[in-house]
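Encoded as C-alpha cells, the structure appears first; notes follow it.
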Amino acid sequence: GAVVSQHPSRVICKSGTSVKIECRSLDFQATTMFWYRQFPKQSLMLMATSNEGSKATYEQGVEKDKFLINHASLTLSTLTVTSAHPEDSSFYICSASASVQEETQYFGPGTRLLVL
Amino acid sequence: GDSVTQMEGPVTLSEEAFLTINCTYTATGYPSLFWYVQYPGEGLQLLLKATKADDKGSNKGFEATYRKETTSFHLEKGSVQVSDSAVYFCALSSTGGFKTIFGAGTRLFVKA
Numbered sequence: 001g002a003v004v005s006q007h008p009s010r011v012i013c014k015s016g017t018s019v020k021i022e023c024r025s026l027d028f029q030a031t032t033m034f035w036y037r038q039f040p041k042q043s044l045m046l047m048a049t050s051n052e053g054s055k056a057t058y059e060q061g062v063e064k065d066k067f068l069i070n071h072a073s074l075t076l077s078t079l080t081v082t083s084a085h086p087e088d089s090s091f092y093i094c095s096a097s098a099s100v101q102e103e104t105q106y107f108g109p110g111t112r113l114l115v116l
Numbered sequence: 117g118d119s120v121t122q123m124e125g126p127v128t129l130s131e132e133a134f135l136t137i138n139c140t141y142t143a144t145g146y147p148s149l150f151w152y153v154q155y156p157g158e159g160l161q162l163l164l165k166a167t168k169a170d171d172k173g174s175n176k177g178f179e180a181t182y183r184k185e186t187t188s189f190h191l192e193k194g195s196v197q198v199s200d201s202a203v204y205f206c207a208l209s210s211t212g213g214f215k216t217i218f219g220a221g222t223r224l225f226v227k228a
C-alpha cells in the first residue's frame, strides 16, 4: 500500500512555457502533500506543503507565483512551473502523508524537468 | 532549528563488506527518525524508521538504533550487495509536526 505516482516522469519544454506535474496518492487519502526539488547530487529541498482545500504554504525563498500548487482533492496535488527557464531544470519530487499524525511520508518517483 | 548531519560520501565498498553510515541530529522534543534510500533516477523509498529512544528499525538487512544520549541514528548492514548501491538519506520528523528534515545524503557504491 501507500503508493504515490507522479506524471509525467520526465518532460522537456521550451523556455517561457508552463509545465504541470501531477502527484497522486493511489491507495490512500493524502491530507497533506509536499513538493521537493532536488539538484544533482544534493538533498531534497522542501518547496511547499499543501493541504487539501487550502492554500499551500511555501518555504522561504520559493516564489509562489512561479510554482503554483493546487491540492484540489485528497488524492491529487499539482505543481505548475510557470514561464519556465533553464534554471528551473531539476528533479521534482512529491510526497504524501495520510494525516497530520502520520509522520511517514510516501514519495512519488519524481519528475525530471529540462527547460531548453 | 532542527537539523540532520550525515557522513559525506561517496562510500565505496566491496560486496559483502560491513556498512556504517553515520547520522546525528539536533532537535527539540522527541523526533521520529528515518532512513530513506534513493536508487538512480527514482524517488525516495522509506527504508526504516524509529519513533522513540532505543527503538531499532530494520529492513532488508539494514538496521539503525535511535540513540537519544548521543543523538544518533547510524545505519548499518552486515554484508552489502551490489544492488545496495544508492543514495541514503537520514531524516527526522519533529514531535507534533510533519515537516521532515533531510540530511545531505550519502552515496554508496558497492563493487562486485
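Just so you know, the protein sequences line up as chains Z and X, in that order. For the first sequence, the numbering used here gives the first residue as 1, with consecutive numbering after it. For the second sequence, the numbering used here gives the first residue as 117, with consecutive numbering after it. Don't be surprised by glycine CBs; every beta carbon is placed ideally from N, CA and C.
Item to check | Pick from Y92/Z, I12/Z and S54/Z that is closest to T111/Z, judged by C-alpha positions | outcome: The residue with the shortest Cα to Cα distance from T111/Z is Y92/Z.
Checklist entry - Is V198/X closer than 8 Å to V226/X when the C-beta atoms are compared? => result At the C-beta level, V226/X and V198/X come within 8 Å of one another.
Item to check | Closest by C-alpha distance to E63/Z, when choosing among P8/Z, S83/Z, K41/Z and H71/Z | outcome: Ranking P8/Z, S83/Z, K41/Z and H71/Z by Cα distance to E63/Z puts S83/Z first.
Checklist entry - Can A2/Z and F28/Z be called in contact, C-beta distance under 8 Å? => result Against a cut-off of 8 Å, the Cβ pair of F28/Z and A2/Z comes out as a contact.
Checklist entry - If contact means a Cβ-Cβ distance below 8 Å, which residues of the stretch 205-227 of chain X contact chain Z? => result Listed by position along the chain: F205, S209, F214, K215, T216, F218, G219, A220, G221 and R223.
Checklist entry - By Cβ distance, which residues of its chain are closer than 8 Å to S73/Z, with the 5 residues on each side in sequence left out? => result When the five nearest sequence neighbours on each side are left out, the beta carbons in the same chain lying within less than 8 Å of the beta carbon of S73/Z are those of E52, in order along the chain.
Item to check | Reference Q122/X; option with closest CA among Y146/X, P147/X and W151/X | outcome: Minimum Cα distance to Q122/X is reached at W151/X.
Next on the checklist: Is the beta carbon of Y182/X closer than 8 Å to that of A166/X?
Outcome noted: For A166/X and Y182/X, yes; Cβs fall inside 8 Å.
Checklist entry - What separation, rounded to the nearest whole angstrom, lies between the Cα atoms of K184/X and D170/X? => result Roughly 7 Å separates the two Cα atoms.
Checklist entry - R183/X lies in the beta strand (DSSP E); which residues open and close that run? => result Per DSSP, R183/X lies in no beta strand (DSSP E) and is assigned neither H nor E.
Checklist entry - What are the start and end residues of the beta strand (DSSP E) that includes M33/Z? => result Counting along the chain, the beta strand (DSSP E) containing M33/Z begins and ends at T32 to Q38.
Checklist entry - How would you list, in chain order, the residues of chain X whose beta-carbon sits under 8 Å from the beta-carbon of L76/Z? => result Within chain X, no residue comes near L76/Z; the closest Cβ sits about 17 Å away, beyond 8 Å.
Checklist entry - Are the beta-carbon atoms belonging to G221/X and S95/Z less than 8 Å from one another? => result No, the pair does not count as a contact, with Cβ atoms beyond the cut-off.
Next on the checklist: So if I threshold CB-CB distances at 9 Å, which residues from the stretch 152-166 of chain X count as touching chain Z?
Outcome noted: Result list: Y152, Q154, G157, E158, G159, L160, Q161, L162 and K165.
Next on the checklist: My output table needs one value for V198/X: the three-state DSSP class, helix, strand or coil.
Outcome noted: Looking at V198/X - three-state DSSP - the assignment turns out to be helix.
Checklist entry - Going by the CB atoms, is the gap between S15/Z and L114/Z shorter than 8 Å? => result Contact flag unset, no.
Next on the checklist: My assumption, with CB atoms under 8 Å, is that S97/Z sits in contact with A30/Z. Please give the rounded CB distance.
Outcome noted: Contact flag correct, Cβ pair sits at about 7 Å.
Item to check | N51/Z - containing beta strand (DSSP E), residue span | outcome: Where N51/Z is concerned, the enclosing beta strand (DSSP E) stretches over L44 to N51.
Next on the checklist: Below 8 Å on C-beta distance, what does I93/Z contact in chain X?
Outcome noted: Neighbours of I93/Z in chain X, taken as residues whose beta carbon is under 8 Å from its own, are G159 and L160 in chain order.
Checklist entry - Apart from the five residues just before and just after V153/X, which ones in its own chain have a Cβ nearer than 6 Å to its Cβ? => result For V153/X, where only same-chain residues beyond five positions count, the Cβ hits under 6 Å are Q161, L163, A202 and Y204.
Item to check | Whole-number beta carbon distance between L68/Z and T119/Z, since they are thought to touch under 8 Å | outcome: Given a span of 1 to 116 for chain Z in the structure shown, any question on residue 119/Z remains unanswerable.
Checklist entry - If you run the structure through DSSP and keep just helix, strand and coil, what is E131/X? => result In this structure, E131/X counts as coil in the three-state DSSP scheme.
Checklist entry - From G219/X to T140/X, what does the alpha carbon distance come to, in whole angstroms? => result If you take the alpha carbons of G219/X and T140/X, they lie about 9 Å apart.
Checklist entry - How many Å lie between G177/X and R37/Z at the Cα? => result Take the alpha-carbon of G177/X and the one of R37/Z: they are about 30 Å apart.
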